[in-house]
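**Student:** Residue numbers (the working numbering), protein chains in the order written: chain Z, 449 to 852; chain V, 449 to 852.
One structure is given below, represented as structure tokens, and several questions about it will come after.
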């Protein structure tokens with residue numbers, strides 16, 4: 449008789465954004481007359497940039513012609529895209545990442561969920577708290593996190609690094625030594641960042657204790673301030689301790705297009721085993737490449753027109769972020785984030801729990817946000833709003849919130 | 449100090465098709481003047497059908513317009529596609545699979561590699577021998593297969609079901625009871641099929657011993673004979689013991705487009721745990737949906753024009769299959785397959801090993817095929833050719849083979 453993977457049964461509830469989706473669907477079914485504004489899930493609203501559309505139409509045409517048809521893609525992704533990434537995201541920043549250290553994928557969510565597979569189940573993970581749920585949930589599914597305590601909302605075998613107003617939402621080096629450290633800057637959900645010097649401390653620490661850093665740089669395009677690192681490879685020694693994950697979802701609006709990549713430097717070794725080789729094996733065996741059309745769309749992100757158009761798109765969302773931040777401050781809320789990230793993190797008023805505020809906001813203002821506690825116990829009492837709505841909806845949502 | 453997943457180190461060599469790719473690349477680098485015809489990897493060569501191109505162009509346009517832009521897709525896939533699949537692949541065959549039992553993905557390779565994650569590591573798998581390498585390799589990576597013996601080319605904890613000329617390349621019920629049974633019909637690599645009655649025996653067996661069947665129906669579109677089941681759900685009782693995997697790669701030429709789906713009936717339960725719920729959780733947590741544009745392409749596969757155009761495409765490849773089969777027979781080879789599948793399975797001549805014949809064919813005829821032994825020990829002495837080349841190349845390859 450076959451048995452299931454019991455680790456799944458240890459998971460509390462369902463995936464955060466599925467829960468929110470169901471809650472909102474139930475509410476709109478009951479109140480079909482209410483207009484809902486969604487500033488919850490980090491989904492973009494602006495259409496794809498013209499340079500990207502042109503590239504995709506061209507690629508579709510190529511697929512319709514025997515001479516230019518493309519079947520299975522190369523294991524690591526097409527060279528045209530890996531070269532564009534190496535140049536556009538790394539060489540221009542003076543970091544030395546080569547095209548063959550880049551693995552193209554269908555998105556950073558998959559990569560951040562799958563990357564743990566190449567590591568032993570005995571490793572202990574450390575995560576920021578609050579944190580993007582995928583890191584912990586996928587480790588829980590693999591059986592790496594011990595037992596979940598519904599009272600503390602913590603797993604017995606996870607090192608939590610609280611990120612609170614008190615420490616400026618930046619994690620401190622953990623007391624207990626972790627094997628795998630998940631870091632995400634600019635941060636989802638808090639919208640905070642750390643300086644290059646602070647990140648260097650983490651790189652030095654990881655190299656010293658023999659930990660691996662999984663660095664999620666999905667929101668890099670939103671960095672507006674100096675001295676905030678755009679990639680972990682700006683730090684010395686990162687090539688021997690860090691894997692970097694990147695997404696096209698937020699810099700290019702690819703949430704429904706699906707493209708991302710993972711960087712594993714060739715020097716990254718555990719004993720004499722190359723992590724690059726392990727991930728290449730995983731990629732070759734369990735994955736079959738991102739669609740040709742989508743990889744061409746990704747290439748267009750790095751063209752001159754693409755870059756100019758996407759700068760405008762990011763500026764559009766960051767204008768929303770500024771509007772949310774300033775309006776909420778004016779309305780008396782305590783807010784952070786929104787300067788180097790498209791997320792605004794606010795303290796719930798009147799000691800409401802995160803879910804209480806979620807319901808209150810939905811019922812009173814018809815605005816959907818994300819409860820901070822959904823990202824971990826230290827997120828309790830906080831709430832996330834995203835800048836990814838349209839400007840009109842963002843203004844309307846804030847008008848409603850001010851009237852609450 | 450972090451540790452890696454040691455199971456990866458137990459894997460022999462690299463993924464079969466990566467090895468072939470490297471061997472061919474090395475040969476062409478040494479002999480740039482030689483023209484190579486690839487009938488190895490099962491990659492299609494015909495351009496996408498016009499109905500699909502039209503759907504994709506339209507979807508690209510939609511992504512360029514705020515009103516019709518699509519961000520994150522629904523967890524299970526868009527309803528328009530799941531409805532089209534439920535109707536076009538199941539309802540028309542009189543099988544009762546509902547749209548919400550279908551999980552859209554980026555391909556059957558990923559699904560067939562990932563599906564084992566929802567099962568316990570204690571389960572014992574049974575596979576046909578020879579077999580598509582992904583089933584065994586992904587179970588090996590997860591740690592379910594024991595130790596690999598390079599002499600026998602077998603894993604200590606896998607039940608192998610030999611498929612040889614002697615049993616018409618159809619597996620027999622194993623003597624030892626497995627927990628998970630991987631079946632693929634029409635078969636990759638042998639091109640063989642089994643009848644509905646034979647498949648019913650497997651379904652009855654699985655229900656009796658409490659095993660789960662992972663049924664890979666990627667080549668269903670190539671079935672030309674009566675009484676060969678198009679889906680396992682044609683068999684009574686399959687809803688309580690079988691998961692079905694489907695691909696758009698071979699029926700619609702989507703190897704570079706990437707689309708597939710997995711069917712998990714709601715009745716499929718281990719004790720009181722729904723496998724549908726487990727896979728939904730896996731999908732929601734570790735995956736972010738196939739691109740909107742690609743899902744629209746998938747929908748076009750089921751349109752009237754799409755179906756007519758794809759019938760022609762399949763007929764084109766099956767004409768190749770017939771040509772290969774007949775020509776090789778004429779040339780004195782022992783061949784099977786190629787009637788309900790795009791694969792021709794041949795006995796290597798003069799007791800050559802599969803890899804010896806690979807080298808011989810590459811060096812003498814400039815034709816690339818796939819060594820049978822790459823699919824498992826019982827594939828030794830066999831060789832796979834695919835019907836996915838152009839007709840011109842297929843004819844040219846056969847001319848060269850005849851002259852060997």
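Every residue, glycine too, gets a C-beta built ideally from N, C-alpha and C.
Note that the structure is predicted; figures quoted are calculated from it, not measured.
Determine, using beta carbons only, whether residue 489 of chain V comes closer than 8 Å to chain Z.
**Tutor:** Yes - at least one Cβ of chain Z is within 8 Å of the one on residue 489 of chain V.
**Student:** Buried or exposed for residue 762 of chain V, going by 16 or more other Cβ atoms inside 10 Å?
**Tutor:** Buried, since its Cβ has 16 or more Cβ neighbours within 10 Å.
**Student:** Which residue from Z:461, Z:486 and Z:456 puts its Cα closest to that of residue 840 of chain Z?
**Tutor:** The candidate whose alpha carbon is nearest that of residue 840 of chain Z is Z:486.
**Student:** Hey, residue 556 of chain V and residue 693 of chain V are a contact pair by Cβ (cut 8 Å); roughly how many whole angstroms apart?
**Tutor:** The Cβ separation is near 5 Å, so the contact holds.
**Student:** Using a Cβ-Cβ cut-off of less than 7 Å, give me the residues of the segment 545-567 of chain Z that come near chain V, in sequence order.
**Tutor:** Within the segment 545-567 of chain Z, the qualifying residues are 554, 555, 557, 558, 561, 562, 565, 566 and 567.
**Student:** According to DSSP, residue 834 of chain V sits in a beta bridge with which residue or residues?
**Tutor:** According to DSSP, residue 834 of chain V bridges with V:791.
**Student:** Buried or exposed: where does residue 513 of chain Z fall if 16 or more other Cβ atoms within 10 Å of its Cβ makes it buried?
**Tutor:** Result: exposed.
**Student:** Tell me where the beta strand (DSSP E) around residue 559 of chain Z begins and ends.
**Tutor:** That residue, residue 559 of chain Z, is in no beta strand (DSSP E); its alpha helix (DSSP H) goes 556-562.
**Student:** Checking contacts by CB at 8 Å: is residue 494 of chain Z closer than that to chain V?
**Tutor:** Closer than 8 Å: yes.
**Student:** Under 8 Å between C-beta atoms, does residue 696 of chain Z make it to chain V?
**Tutor:** So, not an interface residue.
**Student:** Please list, in chain order, the chain V residues whose beta carbon lies closer than 7 Å to that of residue 739 of chain Z.
**Tutor:** Per Cβ cutoff of 7 Å: 704, 705, 706, 739 and 742.
**Student:** Since residue 664 of chain Z sits in a beta bridge, which residues does DSSP pair it with?
**Tutor:** In the DSSP output, where bridge partners are listed per residue, residue 664 of chain Z has Z:632 and Z:693.
**Student:** Relative to the ligand ZN, is the shortest distance from any of its heavy atoms to the C-beta of residue 628 of chain V smaller than 7 Å?
**Tutor:** Absence of the ligand ZN is noted for the structure shown, with no ligands found whatsoever.
**Student:** Give the DSSP-derived three-state secondary structure of residue 827 of chain V in the structure shown.
**Tutor:** If DSSP states are grouped into helix, strand and coil, residue 827 of chain V belongs with the helices.
**Student:** Under 8 Å Cβ-Cβ, which residues of chain Z neighbour residue 451 of chain V?
**Tutor:** 567, 568, 570, 571, 627 and 718, listed in chain order.
**Student:** Below 8 Å on the Cβ atoms is my contact criterion, and I expect residue 748 of chain V with residue 503 of chain V to pass it. Report the Cβ-Cβ distance as a whole number of Å.
**Tutor:** With a Cβ gap of about 4 Å, residue 748 of chain V and residue 503 of chain V count as contacting.
**Student:** In its own chain, which residues sit with a C-beta less than 8 Å from the C-beta of residue 550 of chain V, not counting the 5 before and 5 after it?
**Tutor:** Here the set comprises 524, 525, 530, 533, 534, 709, 710 and 711.
**Student:** At 3 residues or longer, what runs of the beta strand (DSSP E) sit wholly inside the segment 597-623 of chain V?
**Tutor:** Segments of the beta strand (DSSP E) lying fully in the segment 597-623 of chain V: 606-610.
**Student:** With a threshold of 8 Å between beta-carbons, can residue 592 of chain Z be considered close to chain V, or not?
**Tutor:** No, its Cβ sits nowhere closer than 8 Å to a Cβ of chain V.
**Student:** Taking only three categories from DSSP, how would you classify residue 577 of chain V?
**Tutor:** Residue 577 of chain V: strand per DSSP, three-state reduction.
**Student:** Does the separation of the CB atoms of residue 398 of chain V and residue 598 of chain V fall below 8 Å?
**Tutor:** Lying before the first or after the last residue shown, residue 398 of chain V is absent from chain V, which here runs from 449 to 852.
**Student:** Which whole-angstrom value is the C-beta distance of residue 846 of chain V and residue 784 of chain V, which I expect to be below 8 Å?
**Tutor:** Their Cβ separation, rounded to whole angstroms, is 17 Å, which puts residue 846 of chain V and residue 784 of chain V out of contact at 8 Å.
**Student:** Can you say whether residue 473 of chain Z is buried or exposed, counting buried as having 16 or more other CB atoms within 10 angstroms of its CB?
**Tutor:** Under this definition residue 473 of chain Z is an exposed residue.
**Student:** So residue 775 of chain Z is in the alpha helix (DSSP H); what residue range does that whole segment cover?
**Tutor:** Segment 752-778, the alpha helix (DSSP H) holding residue 775 of chain Z.
**Student:** Quick one: what's residue 410 of chain V bridged to in DSSP?
**Tutor:** This structure leaves residue 410 of chain V out entirely; chain V is present only between 449 and 852.
**Student:** What residues in the segment 502-530 of chain Z bring their beta carbon closer than 7 Å to a beta carbon of chain V?
**Tutor:** Correct list: 504, 505, 508, 511, 512, 513, 514, 517, 518, 519, 520, 521 and 523.
**Student:** Among residues of its own chain, excluding the 5 on either side of residue 624 of chain V, which ones have a beta-carbon nearer than 6 Å to its beta-carbon?
**Tutor:** Cβ neighbours of residue 624 of chain V beyond the five flanking positions: 607.
**Student:** Where DSSP assigns a beta bridge to residue 819 of chain Z, which residues make up the other side?
**Tutor:** According to DSSP, which records beta bridges pairwise, residue 819 of chain Z is partnered with Z:831.
**Student:** Taking three-plus beta-carbon pairs below 8 Å as touching, is the segment 814-831 of chain Z in contact with the segment 633-645 of chain Z?
**Tutor:** Yes: at least three Cβ pairs fall under 8 Å.
**Student:** Would you say the segment 489-498 of chain V touches the segment 750-764 of chain V, given that touching needs at least three Cβ pairs under 8 Å?
**Tutor:** At 8 Å Cβ cutoff, the stretches touch.
**Student:** Could you please give the first and the last residue of the uninterrupted beta strand (DSSP E) stretch that includes residue 783 of chain V?
**Tutor:** Segment 783-785, the beta strand (DSSP E) holding residue 783 of chain V.
**Student:** Excluding the five sequence neighbours on either side, which residues of its own chain have a C-beta within less than 6 Å of the C-beta of residue 685 of chain V, listed in chain order?
**Tutor:** These residues qualify, in order along the chain: 651 and 655.
**Student:** What in chain V is Cβ-close to residue 821 of chain Z, meaning under 9 Å?
**Tutor:** In chain order: nothing, as chain V lies at least about 18 Å away.
**Student:** Alpha carbon to alpha carbon, how far is residue 582 of chain V from residue 814 of chain V?
**Tutor:** Looking at the two C-alpha atoms, the distance is approximately 27 Å.
**Student:** Quick one: residues in its chain with C-beta nearer than 7 Å to the C-beta of residue 622 of chain Z, no 5 flanking neighbours on either side, listed in chain order?
**Tutor:** Here the set comprises 574, 607 and 609.
**Student:** Would residue 769 of chain V pass as an interface residue toward chain Z - the criterion being a Cβ-Cβ separation below 8 Å?
**Tutor:** Chain Z contact via Cβ: absent.
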